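Participant: Mapping of the sequence shown onto the numbering used here: position 59 corresponds to residue 60, and the numbering continues sequentially without gaps.
We treat Cβ as the ideally placed atom computed from N, Cα and C, and that holds for glycine.
In this text the structure is predicted, and so the values were computed from the model without any measurement.
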Amino acid sequence: MDPIDEPQTPFGTAVAHSNKLQRQYQALLDQSTPHVTYRWIGTAVGLALFFLRVFVAQGWYIVAYALGIYLLNLFLAFLQPKFDPSNDALDNDMEDGSIGTLPTRKDEEFRPFIRRLPEFKFWHSATRAVAISFVCSWFEIFNVPVFWPVLVMYWLMLFILTMRKQIQHMIKYRYVPFSFGKTRYGKASNN
């Protein structure tokens, strides 16, 4: 039997279109997942276009500042472990003095570094933020007159202080959020 065509309401049609667009968008995201370098190059190009827009138009410094704060927040979440060792320290009441460190004996549990914000979500959020900022730079309502050198200095100070705090945290609890520089073990060759 042929299915009976039910009359479509305008709302039902809009929902069906929205679902179709969401599936297509998710398919594009799924296809881009293994191409890490190209994804980040695309985001960097978008960011360069946005900064070129701000430079040429001589405005929208507040939008650029807000984007910088948001990207800094994302980067810090990317660097932090999902399970913060300093919180474990509070939970364990510092009983044995070796809290939050990597295992040093065979009987200690090894906990791999798991990011609070995974790389793909970091990229996706950063790319969306750059795109939204670029769109905002075309509307005069977001062009708030400010003295931009103050914003740049304030952002640089914020960046320096937060990164210093993050690096101290990494040193104190002995974790490295990056894989380069770490020993890689290959397969043993049998001669």
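Taking all protein chains shown into account, decide if residue 46 is buried (16 or more other Cβ within 10 angstroms of its Cβ) or exposed.
Facilitator: exposed
Participant: Between the C-alpha atoms of residue 30 and residue 59, what's the straight-line distance to the nearest angstrom?
Facilitator: Roughly 34 Å between the two C-alpha positions.
Participant: Can you grab the Cα-Cα spacing for the pair residue 67 / residue 125, in whole Å?
Facilitator: 17 Å
Participant: DSSP three-state call for residue 54: helix, strand or coil?
Facilitator: helix
Participant: When you compare only the Cα positions, how much space is there between residue 11 and residue 136?
Facilitator: One Cα belongs to residue 11, the other to residue 136, and the distance between them is close to 29 Å.
Participant: Does the count of Cβ pairs from the segment 117 to 134 and the segment 25 to 42 closer than 8 Å reach three?
Facilitator: yes
Participant: If we count the other Cβ atoms within 10 Å of its Cβ and call it buried at 16 or more, is residue 57 buried or exposed?
Facilitator: When all chains shown are included, residue 57 counts as exposed.
Participant: Check the DSSP bridge columns for residue 82 and list the partner residues they point to.
Facilitator: 116
Participant: By the three-class DSSP mapping on this structure, what secondary structure does residue 37 have?
Facilitator: helix
Participant: Report back the beta-carbon spacing between residue 163 and residue 73 to the nearest angstrom; my notes put them in contact at under 8 Å.
Facilitator: 7 Å
Participant: Cα-Cα, which of 129, 51 and 78 is closest to residue 26?
Facilitator: Just measuring C-alpha positions, the residue of 129, 51 and 78 sitting nearest residue 26 is 129.
Participant: How long is the line joining the alpha carbons of residue 145 and residue 175, rounded to whole angstroms?
Facilitator: Whole-angstrom Cα-Cα distance: 43 Å.
Participant: Among residues of its own chain, excluding the 5 on either side of residue 120, which ones have a beta-carbon nearer than 8 Å to its beta-carbon?
Facilitator: 37 and 79
Participant: Among the residues of its own chain, which have a CB less than 7 Å from the CB of residue 132, if the five just before and after it don't count?
Facilitator: 47
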